[in-house]
Every structure is written in C-alpha cells, then in structure tokens.
Amino acid sequence: MANRTMSRDLSTPTPYERGVRDGALAGIGLSIGVSLLTAVGTGAAVALWKYVKKQRNLYDADELIAKRRSIFPRDYDTSRVVPESVLMKMLESANWAPTHGKTEPWRFVVFAGDARRRLGEKDAAIYKAKTPEDKFFPKKFTNKLQSKLDSSYVIAIVMKRQESKKIPEIEEIEAVACAVQNLHLSATAHGVGGYWSSGGSFDDEMKAFLGLGAEDICLGLFYVGYPKPGFVHPKGARRPIQDKVTFVRE
Numbered sequence: 012m013a014n015r016t017m018s019r020d021l022s023t024p025t026p027y028e029r030g031v032r033d034g035a036l037a038g039i040g041l042s043i044g045v046s047l048l049t050a051v052g053t054g055a056a057v058a059l060w061k062y063v064k065k066q067r068n069l070y071d072a073d074e075l076i077a078k079r080r081s082i083f084p085r086d087y088d089t090s091r092v093v094p095e096s097v098l099m100k101m102l103e104s105a106n107w108a109p110t111h112g113k114t115e116p117w118r119f120v121v122f123a124g125d126a127r128r129r130l131g132e133k134d135a136a137i138y139k140a141k142t143p144e145d146k147f148f149p150k151k152f153t154n155k156l157q158s159k160l161d162s163s164y165v166i167a168i169v170m171k172r173q174e175s176k177k178i179p180e181i182e183e184i185e186a187v188a189c190a191v192q193n194l195h196l197s198a199t200a201h202g203v204g205g206y207w208s209s210g211g212s213f214d215d216e217m218k219a220f221l222g223l224g225a226e227d228i229c230l231g232l233f234y235v236g237y238p239k240p241g242f243v244h245p246k247g248a249r250r251p252i253q254d255k256v257t258f259v260r261e
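Numbering (the numbering used here), first residue to last: 12 to 261.
Shown next, in the form of structure tokens:
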C-alpha cells in the first residue's frame, strides 16, 4: 500500500501523534515522530509505533521503580474498594517473580470483607498476649484492627516450603520477596497504595490462624487500598548507588 500524505489540520493530534510526541520526549528521537506522522495508516507506521511503544515502556519501567512508595492504611480512601480484577492483575505480576528450581514458593492469603476484621482481631490479640506491659502501646493495639478495616484487602505473604527441600530456605524466602516487589510495583502502576508490614507475622499463633504447614513461613501482611483524594506521595531519597557498588576488573 502506498504512503498517504496527510492534508488535515494538525492542531489536534491523533492518538498516534500523541504517542509519537511522548516517545520523542522520552528520548526516542524526533526523526521517528516525523516518519510516523507522514505515514499514518501504513504498515510502516504500525511497525514504527510498536518500536516507539517498546522504548517508551523501557523508560516507564525505570520511572515506575523509582516512584514506588509505601502508602499506609491510614492514608487509604475507605469509600473506594480496589476492584478484585485489579488485585488479580497485581497478584499475576507477583507470580512472575524469579524462582530457583521453579518451585514458585510464594502463597497469598487474601483477606477481604468481614474477614479483615477477623484478621485484625487476631493480630491485636496476639500483640496484647505477647507484649510485656511496659512495652505495650494502646494506640498500636487499636491500629492492629483499624489498619485492616481501612484497607480494601490485606494479603498474608507466605513462603511455602517444598517437601523436597532441594532449594535452600533462604533462596525461597528471597523468591517470595521478589514476588512482593512485583506486587508492589504493579499496585503502583494501577494507582493503588501498598504497604508491606512484618509485625507479628512470625508468631506461631498467626501461623496456625493462616493454616500454614510446620515449615511454612508468614513473611508479613501486605495492605492494599486507594490513596485518599489529595494524598501527596512522599518524596523518595536514596544515597548514591556509586557508594554501594564495587567493581572487580582484574
């Protein structure tokens, strides 16, 4: 098919043109944008757009990682519930974590609806029973329940130990941690707040409550919810990566 020259008013960009513009801003290059704008509707334009989109996605991945933040349940909008379809997309992303031996040791116990209260009451009861009086804080006790109720979902993060034990336990824990990072990044991409907390998770009573095996480990609770309207995402800060990298060249 021959290329067609456009004669329309260019003051209102098409979706293709907006994509090219964004791609150019991301460093893809103005020449790609010009080529696409003069070839709308052709096979060349489609192929070129796919290239732009691929490069743009690479740019977005780095940006997404840098923008991930822990957002606490107290900052969730309790009038909105994260759709289960969005939650499942987040969990699907978690399912693609790296796994040595392909054991896929991550398990997720999702508490929703009234089950959030049961989890909160159990968490609060464990804290009260196991905490010395001089270290007990009533506000923390209350928050053990309230944080669950403020969330759309609370996910118990579990490392499922394989019967064969062919993979060292530490590697299985590391794999689950990678899954949680995927989960959190996916939440960020969907505009959903997330927070991973380990407080009280390692207690045997919590382990029994979750129905875990003797060698399974609960690695914490992951809270999920939409941020409140007007919520300002905290600015992140990291020390220079150069201070944390050692190159061995000889």
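Quick reminder that beta carbons are idealized off the backbone N, C-alpha and C, glycines included.
Note that the structure is a prediction, hence the values are computed from the model and not measured.
Exercise for the section: Flag residue 224 as yes when its Cβ comes closer than 7 Å to any non-hydrogen atom of the ligand GTP, and as no otherwise. Expected result: The ligand GTP is not part of the structure shown, which contains no ligands of any sort.
Problem - Neighbourhood of residue 75 by C-beta, 7 Å cutoff - its chain only, sequence neighbours within 5 removed - result: Along the sequence shown, one-based indexing puts residue 75 at 64. So the list reads 196, 199, 200, once near-sequence residues are dropped.
Exercise for the section: Please state whether DSSP places residue 258 in a helix, a strand or coil. Expected result: Walking along the sequence shown from the start, residue 258 turns up at place 247. Correct three-state label for residue 258: coil.
Handout entry: Nearest-angstrom Cα separation, counted from residue 73 out to residue 36
Key = On the sequence shown, position 25 is the one that residue 36 refers to. On the sequence shown, position 62 is the one that residue 73 refers to. Below a pLDDT of 50, predicted positions are generally treated as unreliable, and residue 36, at 45, falls in that range; the measurement from the model is reported next regardless. Near 15 Å, if we compare the C-alpha coordinates of residue 73 and residue 36.
Problem - Limits of the alpha helix (DSSP H) - the one that residue 191 falls within - result: Locating residue 191 in the sequence shown gives position 180, counting from the first residue. Start and end: 180 to 200.
Handout entry: Check whether residue 77 and residue 247 have beta carbons under 8 Å apart
Key = What you label residue 77 is simply residue 66 of the sequence shown in a count that begins at 1. What you label residue 247 is simply residue 236 of the sequence shown in a count that begins at 1. A contact, by the Cβ cut-off of 8 Å.
Problem - Neighbourhood of residue 169 by C-beta distance below 8 Å, restricted to the same chain and skipping five residues each side - result: As a working mapping, residue 169 is identified with position 158 in the sequence shown. Same-chain partners within the cutoff: 117, 118, 119, 120, 187, 221, 223, 227, 228, 229, 230.
Exercise for the section: Just the C-alpha distance for residue 238 and residue 167, rounded to the nearest angstrom, thanks. Expected result: On the sequence shown, residue 238 is found 227 positions in, with the first residue counted as 1. On the sequence shown, residue 167 is found 156 positions in, with the first residue counted as 1. Distance between the alpha carbons of residue 238 and residue 167: 21 Å.
Handout entry: Of the listed residues 129, 207, 252, 173, nearest to residue 157 (C-alpha basis)
Key = One-based indexing of the sequence shown puts residue 157 at position 146. That would be 129, whose Cα lies nearest to the Cα of residue 157.
Problem - Of the residues 204, 243, 215, 136, the one placed nearest residue 235, counting alpha carbons only - result: One-based indexing of the sequence shown puts residue 235 at position 224. Of the candidates 204, 243, 215, 136, the one whose C-alpha sits nearest the C-alpha of residue 235 is 204.
Handout entry: Cβ pair residue 240, residue 88 closer than 8 Å
Key = Position 229 of the sequence shown, counting from 1, holds the residue named residue 240. Position 77 of the sequence shown, counting from 1, holds the residue named residue 88. Yes, these two residues count as a Cβ contact at 8 Å.
Problem - Start-to-end residues for the alpha helix (DSSP H) that takes in residue 97 - result: Taking the sequence shown and counting its residues from 1, one reaches residue 97 at position 86. Counting along the chain, the alpha helix (DSSP H) containing residue 97 begins and ends at 95 to 105.
Practice task
Reducing DSSP to helix, strand and coil, say where residue 172 ends up.
Solution key: As a position in the sequence shown, residue 172 is number 161, starting the count at 1. In the structure shown, residue 172 sits in coil (DSSP, three-state: anything other than H, G, I, E or B).
Practice task
Answer yes or no: do residue 155 and residue 124 have a C-beta to C-beta separation smaller than 8 Å?
Solution key: Here the question's residue 155 lines up with position 144 in the sequence shown. Here the question's residue 124 lines up with position 113 in the sequence shown. Not in contact: residue 155 and residue 124 (Cβ atoms no closer than 8 Å).
Handout entry: Neighbourhood of residue 100 by C-beta, 8 Å cutoff - its chain only, sequence neighbours within 5 removed
Key = As a working note, residue 100 is residue 89 in the sequence shown. Hits under 8 Å: 197, 201.
Handout entry: Those residues which DSSP pairs with residue 208 across a bridge
Key = On the sequence shown, residue 208 is found 197 positions in, with the first residue counted as 1. BP columns for residue 208 point to 232.
Problem - Rounded separation between residue 82 and residue 233 - CA only - result: Counting from 1 along the sequence shown, the entry for residue 82 is found at position 71. Counting from 1 along the sequence shown, the entry for residue 233 is found at position 222. Distance between the alpha carbons of residue 82 and residue 233 is about 11 Å.
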